[in-house]
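Just so it is clear: in the sequence shown, position 114 is 159 by this note's numbering, and no numbers are missing. Glycine included, every Cβ here is placed at the ideal spot set by N, Cα and C.
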Amino acid sequence: MKFICDEMLKKLASWLRIAGYDVIVMPDGTSDRDIVNKAMSEKRILLTRDQKIAEFKLAEIVAIILECNDLEDCVGQLNHKLRVNWLYQPFTRCNSCNTVLVKAGRDQIQRITEKVRDLETGFLFCPVCNQLFWEGTHVVNMRKQLERWNGAH
Ligand SMILES: [Zn+2]
Numbered sequence: 046m047k048f049i050c051d052e053m054l055k056k057l058a059s060w061l062r063i064a065g066y067d068v069i070v071m072p073d074g075t076s077d078r079d080i081v082n083k084a085m086s087e088k089r090i091l092l093t094r095d096q097k098i099a100e101f102k103l104a105e106i107v108a109i110i111l112e113c114n115d116l117e118d119c120v121g122q123l124n125h126k127l128r129v130n131w132l133y134q135p136f137t138r139c140n141s142c143n144t145v146l147v148k149a150g151r152d153q154i155q156r157i158t159e160k161v162r163d164l165e166t167g168f169l170f171c172p173v174c175n176q177l178f179w180e181g182t183h184v185v186n187m188r189k190q191l192e193r194w195n196g197a198h
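Here it is as structure tokens:
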């Protein structure tokens, strides 16, 4: 299962990436036609808040239209329409740019403070936007969130 979102659902996209899904976000101003075509050609499920997208015949096949405002609402609606496994492959993908994370090398780890280095092991690294990820408290909290969303099915 792969996704394509419009800019309005950026937060939802970020959380789907945290769950491990491949999600691309189309920049504001991309035409509905282009989004639908990209979804078709890359076999992605289109998530959108844009009701107008239904005007495209192909949208019937690829699009899930959500009528949500905040993240919880969006997740609830998506869960209702599609069986998303929020614990699919958690924390394997960069939530900013969708790149699959790799094990961080010594150089990357050295940029983190001593304190974090002492506390944590298993650093991951995004080779595209140079972000480091590690199992800290924030990850524990995010995992709880994902578990909760999975339980809400
Ligand atoms: Zn990244």
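Residue environment: VAL81 is assigned as buried (16 or more neighbouring CB atoms within 10 Å of its CB, all protein chains considered).
Judged by their CB atoms, PHE136 and ALA149 are not nearer to each other than the 9 Å cut-off.
In the three-state DSSP reduction, MET46 falls in the coil class, being neither helix nor strand. The C-alpha of CYS139 is placed about 16 Å away from the C-alpha of GLY181. Assignment of ALA149 by DSSP, reduced to helix, strand and coil, places it in the coil class. About 12 Å separates the beta carbon of CYS119 from that of LEU127, a gap too long to meet the 8 Å contact definition.
The Cβ-Cβ distance between VAL184 and PHE178 falls below 9 Å.
In terms of Cα proximity to ILE157, the closest of PHE170, THR75 and CYS50 is PHE170. When only Cα atoms are considered, CYS50 and LEU132 end up about 20 Å apart.
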